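Going left to right, the sequence shown walks through residues 1 to 212 as full-length UniProt numbering numbers them.
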Amino acid sequence: MPKKNVAQIKKELLRGLKVSRRRTKKPEILALVGITGAGNSTIAREFSRMLGWTVIEKNKIRVKLREEGPGFTVANTNALHEAMVKEVIMRLGNVILDSDMVEKPKRKRLERLARKYGARVAYLHLTCNRDVMLERMIRAKYNPKTNIFKSAAIAVREHCRRYPWHYRWSPANGGQYVLRKLPIKFFAEIDTTDPAKWRKKLRNIVKRLKKL
């Protein structure tokens, strides 16, 4: 089967968006900051279920480009990602971004896009016990055709690659990694280690978001 070009994939992605009319005063973008394994996708889906906002999954864009198109690059992935954000806002919806927005250039690009379309960005910080994150990645099932990571080893490798953005080394107590104090003004923070606790915290955040 012939590969699709980026324009064809863009058309399919935009057509596949499910957008509910927003109830907030202005367009809202909920952007997650969390390392691989912290539960970004799970949390994004829960917010979407409770709020009716549209989740844009960057890894799904990458997989579609990889499996059906010319392969993914930073440039074509970002272009499609931003086109989808714009489309949701233009269709009077709100957006949830599940990709890690820890890097300053990513946030600045998102904030420029938001200003262009009169939207507001709220950053949500996700943290988790490191052993729990590793266990999640090791136990997860990976479909090479539908997952960005084709195996647990690749997922853990990506987790380790992203480590310096979220943790710093401390020599205390014989040496340990500790969470960095990120230069980001967070709307809220969720520790995803305990499902019962994070679900309760999520419900409280949803109440705040509904008042925007």
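Using N, Cα and C, we set each Cβ at its ideal position, and we do this for glycine too. Keep in mind it's a predicted model, so treat the numbers as computed, not measured.
Which residues mark the beginning and the end of the alpha helix (DSSP H) in which residue i is found?
i	result
residue 155	152-166
residue 190	Run containing residue 190: none in the alpha helix (DSSP H); it sits in the beta strand (DSSP E), 186-191.
residue 179	Here residue 179 belongs to no alpha helix (DSSP H); instead the beta strand (DSSP E) covers 176-179.
residue 205	195-210
residue 183	Premise fails: residue 183 is in no alpha helix (DSSP H) and is neither H nor E.
residue 23	Per DSSP, residue 23 belongs to no alpha helix (DSSP H) and is neither H nor E.
residue 105	104-116
Confirm, please, whether the CB-CB distance from residue j to residue i is below 8 Å.
i	j	result
residue 33	residue 159	no
residue 83	residue 14	yes
residue 53	residue 93	yes
Measure how close the beta-carbons of residue i and residue j come, nearest whole angstrom, since I'm counting them as under 8 Å.
i	j	result
residue 97	residue 61	Actually they are not in contact, since the Cβ atoms of residue 97 and residue 61 sit about 11 Å apart, beyond 8 Å.
residue 127	residue 38	7 Å
In the DSSP assignment, the beta strand (DSSP E) including residue i goes from what residue to what residue?
i	result
residue 33	28-33
residue 14	No beta strand (DSSP E) holds residue 14; the alpha helix (DSSP H) holding it covers 6-15.
residue 122	120-127
residue 19	Neither: residue 19 is in no beta strand (DSSP E) and is coded neither H nor E.
Given that a residue counts as buried once 16 or more other Cβ atoms are within 10 Å of its Cβ, and exposed if not, what is residue i?
i	result
residue 204	exposed
residue 63	buried
residue 151	exposed
residue 36	buried
residue 129	exposed
Contained beta strand (DSSP E) runs [length at least 3] in the segment 52-101, N- to C-terminal order:
54-56, 95-97
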